[in-house]
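First up is the structure itself, then whatever we jot down about it.
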Amino acid sequence: MSAITVEREASMATPRTEPAGIPMTRLTSIELRKMFDTRSGFWLMASIGIAAVLATGAVILFAADSDITFNSFAAAIGVPMTIILPMIAILSVTGEWSQRSGLTTFTLVPHRGRVIGAKAISAVGVGVVSMVIAFTIGAVGNLLGAAVTGNDLVWDLSLANLFYIAVANVLGMLMGFMLGVLIRNSPGAIVGYFVYSFLVPTLSGLLAASQDWYHDVQGWFDFQFSSSQLFDGALTGQEWAHLGVSGLIWLIIPLTVGLVLVMRAEVK
Amino acid sequence: MITIESLTKRYGRFTAVDDVTFTASPGRVTGFLGPNGAGKSTTMRVMVGLTTPTSGEVRVSGRHYSDLPNPGLEVGVLLDASAQHAGRTGREILTIAQRTMGLPRRRVDEMLDRVSLSENEAGRRVRNYSLGMRQRLGIATALIGEPEVLILDEPANGLDPAGIRWMRDLLRSYADQGGTVLLSSHLLHEIEVIADDLVLIGNGRIVAQGTKAELLHAAGTVVRSASGKLLAQALEAGGISVTLSPDGSVRTTADPARVGQVALGAGIALTELKSADGAGLEEMFLELTAETQREGAAA
Ligand SMILES: Nc1ncnc2c1ncn2[C@@H]1O[C@H](COP(=O)(O)OP(=O)(O)OP(=O)(O)O)[C@@H](O)[C@H]1O
Ligand SMILES: [Mg+2]
Chain Y
761 MSAITVEREA
771 SMATPRTEPA
781 GIPMTRLTSI
791 ELRKMFDTRS
801 GFWLMASIGI
811 AAVLATGAVI
821 LFAADSDITF
831 NSFAAAIGVP
841 MTIILPMIAI
851 LSVTGEWSQR
861 SGLTTFTLVP
871 HRGRVIGAKA
881 ISAVGVGVVS
891 MVIAFTIGAV
901 GNLLGAAVTG
911 NDLVWDLSLA
921 NLFYIAVANV
931 LGMLMGFMLG
941 VLIRNSPGAI
951 VGYFVYSFLV
961 PTLSGLLAAS
971 QDWYHDVQGW
981 FDFQFSSSQL
991 FDGALTGQEW
1001 AHLGVSGLIW
1011 LIIPLTVGLV
1021 LVMRAEVK
Chain A
7 MITIESLTKR
17 YGRFTAVDDV
27 TFTASPGRVT
37 GFLGPNGAGK
47 STTMRVMVGL
57 TTPTSGEVRV
67 SGRHYSDLPN
77 PGLEVGVLLD
87 ASAQHAGRTG
97 REILTIAQRT
107 MGLPRRRVDE
117 MLDRVSLSEN
127 EAGRRVRNYS
137 LGMRQRLGIA
147 TALIGEPEVL
157 ILDEPANGLD
167 PAGIRWMRDL
177 LRSYADQGGT
187 VLLSSHLLHE
197 IEVIADDLVL
207 IGNGRIVAQG
217 TKAELLHAAG
227 TVVRSASGKL
237 LAQALEAGGI
247 SVTLSPDGSV
257 RTTADPARVG
267 QVALGAGIAL
277 TELKSADGAG
287 LEEMFLELTA
297 ETQREGAAA
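Residue numbers (this note's numbering), protein chains in the order written: chain Y, 761 to 1028; chain A, 7 to 305.
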């Protein structure tokens, strides 16, 4: 204790040198750490692996022998991923407000844009790593499945396919991130995500089925629809354009609005 | 050093902080006092950039808070000890602060030791912390960067008597070593013991400010003898105007030395003679904030 006092005495007496700033790498590593350091955060992360293993087991046990292909495993694992990854992204942002830890976070780093940026980088990082883990578990499942059933091994997804699937999942995750930034409240953003990713596409689908004019332009306005094309492999030029325009409407614009609000909002 | 200049914060048509100007100087403890809702926390939030002011500005060590490259190393802040992720352990919260500031890891243990949180307590989740434990953790977070400036909103809140004593000594030695300490509190006695300068705020406006000595000097003297009535008469006769309280004590704005002199001249044995500090701050607080008190005319 006395050692600390002496140290401070010295540092206060002499003019201090200007401290170095806080590098983005440090902020990112801290935001990453904050995704794991609570029980709920930890289990949410662990649930990625757990869900992938369960989905793989289910395919081996219940799928018809002819369906034991890599594609089946990837599809089965993909379902829980589209829910868990966005939840991770949502909670990484909303926790600062719902749990009020932002009071300390934004005091230690009085640049909210940098904190949100660090969160975005960590979320995407977690998304990419999760997809690699998920595909690996799926591949192991495929090997096991073939061994158990005695079928030929079927690798019916190319690396390019895997890449597009990963992109689609990361886009879904960013959707959650955007809702977190925009709504800044955990339950609100989670409800928002389900509305956004299940209700809106359903309504859009119904409209497309009944209205010809909408059917022709659905790709431009329905982000879920245009990003789901990624699951079917390479996109055409027009499909990329669909993805870009609908992404602008449903992702980039609301994210921008959310960021502006975050910069202005009072933290208390 | 903290300089607040013409700070105003409006919420819609309601003015929470109204043209507040004051300075918290190095080497001094500045007490920030005011009734509930006076605007203390709002002012402090503006200081650290959590709330944007409607007009006016705040400088910490001569700069805007957001221009500080690594604020935790220059300003220690405790605004609300309960504002922590309930699922993190105390140690983890301190570790996040340590890493954000880029400090050596051993500082976490040093700080836990300094605020008397045991190993076992540090490993508990903050959801299970008592109010005082949260407060200690918050203080540790504010101190870990060894800053020159401390901004603390009701830091004694929830601390036990030993904790309050510890806190007082800590802030005193901080200021004595040249640090700037700004703290708000409702515990008038606490502020009175520790603060060098006082800023009183009511309804968002500053109602009084100055050194404690100046402000309390105005509060005068309390004096007692076996008969309050005789004493009062003697003092009046000596040219000191007094008021006789129902409890038998006599109050006056004259300073204690003069009162003692007059009493001696009148041959009255005093049983008590002190400057009105003890009751003074409370009296002054209630008086100056009378219009702004929720309880109406408290005086
Ligand atoms: N976002 C807001 N919208 C409207 N009014 C607000 C807002 N934030 C604070 N206020 C009001 O501003 C006033 C000042 O509040 P503040 O928290 O600064 O008071 P305080 O002096 O810290 O009080 P206490 O001693 O009770 O902590 C209060 O009347 C409060 O209701
Ligand atoms: Mg307050």
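Glycine included, every Cβ here is placed at the ideal spot set by N, Cα and C.
{"query": "Within the 8 Å Cβ cut-off, does Val54 of chain A reach chain Y?", "result": "yes"}
{"query": "Taking 8 Å as the threshold (beta carbon to beta carbon), is Lys1028 of chain Y in contact with chain A?", "result": "yes"}
{"query": "Under the DSSP definition of a beta bridge, which residues are partnered with Ala201 of chain A?", "result": "DSSP lists no partner for Ala201 of chain A."}
{"query": "Work out the CA separation of Pro252 of chain A and Ile764 of chain Y for me, nearest whole Å.", "result": "With a pLDDT of only 45 at Ile764 of chain Y, under the threshold of 50, the placement of this residue in the model should not be trusted; the figure read from the coordinates follows. Rounded to the nearest angstrom, the two C-alpha atoms are 51 Å apart."}
{"query": "Give me whichever residues DSSP pairs with Arg130 of chain A in a beta bridge.", "result": "DSSP, once it has assigned bridges, lists no residue as partnering Arg130 of chain A."}
{"query": "Just to confirm, is the Cβ distance from Ser191 of chain A to Ala162 of chain A under 8 Å?", "result": "yes"}
{"query": "Taking Cβ-Cβ distances shorter than 9 Å, what residues in chain A pair up with Arg786 of chain Y?", "result": "Arg105, Thr106, Gly108"}
{"query": "Please classify Gln104 of chain A: is it buried, with 16 or more other beta-carbons within 10 angstroms of its beta-carbon, or exposed?", "result": "buried"}
{"query": "Looking only at its own chain, which residues have a Cβ that is under 7 Å from the Cβ of Gly254 of chain A, when we skip the five neighbours before and after it?", "result": "Arg230, Gly234"}
{"query": "Do Ala89 of chain A and Arg120 of chain A have their C-beta atoms within less than 8 Å of each other?", "result": "no"}
{"query": "With DSSP collapsed to three states, give me the class of Ala812 of chain Y.", "result": "helix"}
{"query": "Answer with buried or exposed for Arg133 of chain A, where buried requires no fewer than 16 other C-beta atoms within 10 angstroms of its C-beta.", "result": "exposed"}
{"query": "Any chance the segment 832–850 of chain Y sits against the segment 47–67 of chain A, with 3 or more Cβ pairs inside 8 Å?", "result": "no"}
{"query": "What residue from A:Val268, A:Glu154, A:Asp182, A:Val199 has the CA that sits closest to Ile170 of chain A's CA?", "result": "A:Val199"}
{"query": "Looking at ligand 2, does it come within less than 7 Å of Ser47 of chain A, judged from the CB to the closest heavy atom?", "result": "yes"}
{"query": "Establish whether the CB of Asn134 of chain A and some CB of chain Y are separated by less than 8 Å.", "result": "no"}
{"query": "Can you tell me where the beta strand (DSSP E) with Lys1028 of chain Y in it begins and where it stops?", "result": "That residue, Lys1028 of chain Y, is in no beta strand (DSSP E); it is neither H nor E in DSSP."}
{"query": "Going along chain Y in order, which residues have a C-beta closer than 7 Å to the C-beta of Gly93 of chain A?", "result": "Thr798, Arg799, Ser800"}
{"query": "Taking 8 Å as the CB-CB cut-off, is Ala243 of chain A touching chain Y?", "result": "no"}
{"query": "Cβ-heavy atom distance between Asn134 of chain A and ligand 1 below 7 Å?", "result": "no"}
{"query": "If Leu56 of chain A and Thr867 of chain Y are in contact, beta carbons under 8 Å, what's the gap, nearest whole angstrom?", "result": "7 Å"}
{"query": "Using a Cβ-Cβ distance under 8 Å, would Val941 of chain Y count as near chain A?", "result": "no"}
{"query": "Going by C-alpha distance, which of Y:Ala878, Y:Met938, Y:Ala835, Y:Leu904 is nearest Ser988 of chain Y?", "result": "Y:Ala835"}
{"query": "With a floor of 4 residues, list each alpha helix (DSSP H) that falls wholly inside the segment 65–127 of chain A, ordered by position along the chain.", "result": "96–107, 112–120"}
{"query": "Using a Cβ-Cβ distance under 8 Å, would Thr867 of chain Y count as near chain A?", "result": "yes"}
{"query": "Residues in the segment 797–828 of chain Y with C-beta within 7 Å of chain A's C-beta atoms, listed in sequence order?", "result": "Asp797, Thr798, Arg799, Ser800"}
{"query": "Considering only DSSP beta bridges, list what Lys280 of chain A is partnered with.", "result": "A:Val228"}
{"query": "Given that Ala780 of chain Y touches chain A, what residues does it touch there, using C-beta distances under 9 Å?", "result": "Pro75, Asn76, Gly108"}
{"query": "By the DSSP assignment, the beta strand (DSSP E) with Ile782 of chain Y in it spans what residues?", "result": "Here Ile782 of chain Y belongs to no beta strand (DSSP E), and DSSP marks it neither H nor E."}
{"query": "Going by CA-CA distance only, name the one from A:Arg69, A:Tyr135, A:Phe28 that's closest to Val54 of chain A.", "result": "A:Arg69"}
{"query": "Closest to Gly93 of chain A by CA distance: which of A:Leu79, A:Ala128, A:Pro75 is it?", "result": "A:Ala128"}
{"query": "Return helix, strand or coil for Leu165 of chain A, following the three-state DSSP convention.", "result": "coil"}
{"query": "Relative to ligand 2, is the shortest distance from any of its heavy atoms to the C-beta of Asp203 of chain A smaller than 7 Å?", "result": "no"}
{"query": "Between the alpha carbons of Val114 of chain A and Arg799 of chain Y, how many angstroms are there, rounded?", "result": "21 Å"}
{"query": "Could you compute how far the alpha carbon of Tyr135 of chain A sits from the alpha carbon of Gly144 of chain A?", "result": "12 Å"}
{"query": "Verify whether the separation of the beta carbon atoms of Gly248 of chain A and Lys280 of chain A is less than 8 Å.", "result": "Reading off the sequence shown, one finds Val at residue 248 of chain A, where the question assumed Gly. No, they are not a contact pair."}
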